[in-house]
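A quick write-up on the structure given underneath.
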Amino acid sequence: MNPGGLRGFTERLGQRAAGGVEDFGYGALLLAESLYWLVLGRWWQQPVRLRAMANEMVEVGVMAIPVLSILSFANGAMMAMQGIYTLREFGAESQVITGLAVSVTREFGVLMAGIVVAGRSGSAIAARIGTMQMAQEIDALRVMGVAPVRYLVSPILVAFVVMMPLLTLLADSMAMLGGGLISMRELDISFATYLERVGSALTPADLWQGLVKSLVFGVLIAVVATTNGFNASKGAEGVGRATTRSVVLSISAIVVADMLFTFFLIL
Amino acid sequence: MTAMEAYPAASDEAIIEVEHVSAGYGAHRVLEDVSLQVRRGEIMVIMGGSGSGKSTLLRCLLGLHRPCNGMVRLYGRDIAALSGRQWTALRKKIGVAFQGGALFNSMSVGENVCLPLREHTRLAPNTMQIISRMKLEMVNLAGFEHLMPAQLSGGMLKRAALARALVMDPGLVFFDEPSAGLDPIVAADLDNLILRIREATEITLVVVTHELESAFKIADRITVLDRGRVLMTGSVAQVRDSTIPRLRNLLTRTAEQQPLDAEQYLRRLTGGTD
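Heads up: the sequence lines are chains G and B, in that order. Residue numbering for the first sequence is 24 to 290, as defined by our numbering. Residue numbering for the second sequence is 1337 to 1610, as defined by our numbering.
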């Protein structure tokens, strides 16, 4: 490698690292300001509007129900099929229900909800805020004396924090249903027996683990999406880049956060 | 007939004071030592060619861009020293109509115009609706409140943006490039509208434009920017009669011929390498 090439490579690497740190700091500031408006907005006579929160909840949560239900159902069914196939070699196929119940509630339900929400709503939010940035709508809010973070980010944050646990419960239920149908057919058991075994396999801690993760994932997706939206520049291409970046970073962030959670909660 | 002749002289009280402002983006300086004053009740046109620094100056006046040197005072207050709450209070007295309108695409025209009222007042929804209709009437957009911004023409977008800028009854309104992208008839109509509004409301208007005809029609005074510096500030007649060569070039639409430096030209082509 020639020295110029090496120098260029290290410069680009340095710029990327500095950009990453800058984005992280910007995201942290957005989160802090968003919480500030949620807590003190009413006192400043600039409350975060309930209607805006409700609209975001519909967009983030209600609209995601069909696709999340189908994907979670299919995921649960596939996990049951793979589990039965693998465990059958050891004559332990009935243990698939325990494995399914624990892994879905702790890991896969919340992960599925996170990925669907990051792909659907995270990208839409980054595109929406990015387009507003290009069209000077964010500047218009500022000069009208309306804090853009209060008006745009706080309702999104609330929507994600409220809807992610609910979507996680939905994903858990649909995955269990999908896994249950396969288990009933392959293990020749009734649905009541299946539910009984699921009940005895799970502890409240399993459910809590998934729900706590869902809150963290919700905050991560909201912050990554809004940060990318606000930092969008250079026209339509910039908005496209912000949207892609938002999805990739959100999914990466929730997978890494999931791994860290699992490491600290299990090991 | 210019606006100055049609309207009584503005008061001497300065609403905007810009003192030795320099600003830029990173290492690139866009404004250099700019000073000007806008008096209460006048229409000040900030004029200049592309890249002269008009938009950056406007962003500095609105507090959207922080100058690296100098001071901007609005209503006698240094905007760099204002707290968040003081800024919010001050911004209620200011209206801004952006070049592209900057209307929120997800809201109807009526909702856009109502937005500042909804955020800053506790008026009943009916009252807000009446006020927004009054402002739309003022800009000749009555009956269009249910349309979405995407359904409006360029001229209508600018008028709707002006209605939103006026809805809080501000004392000071900024209008960025009112004539840009409009045909001459619609542009002339918008100039007349600006004059009518000033007459009816006695507000102070700062209009940023590069359209000479429009500037001469509406201005009480004109500040001409060139390469980030104030070339001159004066009445329409003073600007018209100016003998400053670069201003004459702007008025006569004459492109200045840059002397060709062969060495610099070659350096530009080769990216600065020998």
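Note that CB positions come from ideal geometry on N, CA and C, so glycine has one too.
- Uninterrupted beta strand (DSSP E) stretches at least 3 residues long and entirely within the segment 1522–1591 of chain B occur at 1540–1545, 1557–1562 and 1565–1571, given in chain order.
- For Ala163 (chain G), the closest Cβ of chain B is nearer than 8 Å.
- Taking a beta-carbon distance threshold of 8 Å, Ala1438 (chain B) counts as an interface residue toward chain G.
- Taking 7 Å as the cut-off between beta carbons, the residues of the segment 165–199 of chain G near chain B are Arg165, Val166, Met167, Gly168 and Val169, in sequence order.
- Within the same chain, Leu164 come within 7 Å of Tyr174 (chain G) by CB-CB distance, once the 5 residues on both sides are set aside.
- Contact of Trp67 (chain G) with chain B by beta-carbon distance below 9 Å involves Gly1420, Arg1421 and Thr1424.
- Residues of chain G with a Cβ closer than 9 Å to the Cβ of His1456 (chain B) are, in chain order, Gln68, Gln69, Met167, Gly168 and Val169.
- Residue contact with chain G for Arg1409 (chain B): absent (no Cβ-Cβ distance below 8 Å to any residue of chain G).
- Within chain G, Val166, Met167 and Gly168 have C-beta atoms less than 7 Å from the C-beta of Arg1427 (chain B), given in sequence order.
- Secondary structure at Met1407 (chain B): strand, using DSSP grouped into helix, strand and coil.
- One finds Gln159, Asp162 and Ala163 in chain G with Cβ atoms closer than 8 Å to the Cβ of Phe1434 (chain B), taken in chain order.
- Residue state for Asp1512 (chain B) is assigned as strand, using DSSP reduced to three classes.
- For Pro1452 (chain B), at least one C-beta of chain G is nearer than 8 Å to its own C-beta.
- Between Cys1450 (chain B) and the set B:Leu1439, B:Met1464, B:Glu1513 and B:Thr1457, the nearest pair of CA atoms involves B:Met1464.
- Residue pairing by DSSP places Tyr1361 (chain B) opposite B:His1364 in a beta bridge.
- Lys1390 (chain B) places its beta carbon 8 Å or farther from that of Ala1433 (chain B).
- Put simply, the backbone Cα of Leu243 (chain G) is about 7 Å away from that of Ala276 (chain G).
- For Met207 (chain G) and Phe253 (chain G), the gap between their C-alpha atoms comes out near 50 Å.
- For the segment 1395–1406 of chain B, the beta-carbon criterion of a distance under 9 Å to any beta-carbon of chain G is satisfied by Arg1395, Leu1398, Gly1399 and Leu1400.
- Here the C-alpha atom of Ile1554 (chain B) lies approximately 8 Å from the C-alpha atom of Val1381 (chain B).
- Under the three-state reduction of DSSP, Gln68 (chain G) is assigned to coil, being neither helix nor strand.
- At a cut-off of 8 Å between beta carbons, Ile1352 (chain B) makes no contact with chain G.
- Listed by position along chain G, the residues whose Cβ is nearer than 8 Å to that of Ile1430 (chain B) are Val166.
- Met1383 (chain B): member of the beta strand (DSSP E) spanning Ile1379 to Gly1384, first to last residue.
- Burial is judged here by how many other beta carbons sit within 10 angstroms of a residue's own beta carbon; Ser223 (chain G) has fewer than 16 and is exposed.
- In terms of Cα proximity to Leu1586 (chain B), the closest of B:Leu1605, B:Ser1419 and B:Ala1551 is B:Ala1551.
- Spanning the alpha carbons of Leu288 (chain G) and Pro227 (chain G) requires a straight line of approximately 14 Å.
- With respect to the 8 Å criterion, Thr191 (chain G) and Gly132 (chain G) are classified as neighbours on the basis of their beta carbons.
- Closest by C-alpha distance to Pro178 (chain G), out of G:Trp60, G:Glu116, G:Gln118 and G:Leu189, is G:Trp60.
- The three-state reading of DSSP puts Asp211 (chain G) in coil, since its state is none of H, G, I, E or B.
- Looking only at B:Gly1479, B:Arg1563, B:Ala1598 and B:Ser1571, the smallest Cα-Cα distance to His1364 (chain B) is reached by B:Arg1563.
- Residue B:Ser1444 holds the alpha-carbon nearest to the alpha-carbon of Met1484 (chain B) among B:Ser1444, B:Leu1398 and B:Leu1477.
- Per DSSP, reduced to three states, the secondary structure at Phe286 (chain G) is helical.
- Counting only runs of at least 4 residues, the segment 194–242 of chain G fully encloses the following alpha helix (DSSP H) elements, listed from N- to C-terminal order: 214–224.
- Within the DSSP secondary-structure output, Arg1375 (chain B) pairs in a beta bridge with B:Ala1350.
- With contacts defined as CB atoms closer than 8 Å, Met167 (chain G) and Glu1455 (chain B) qualify as a contacting pair.
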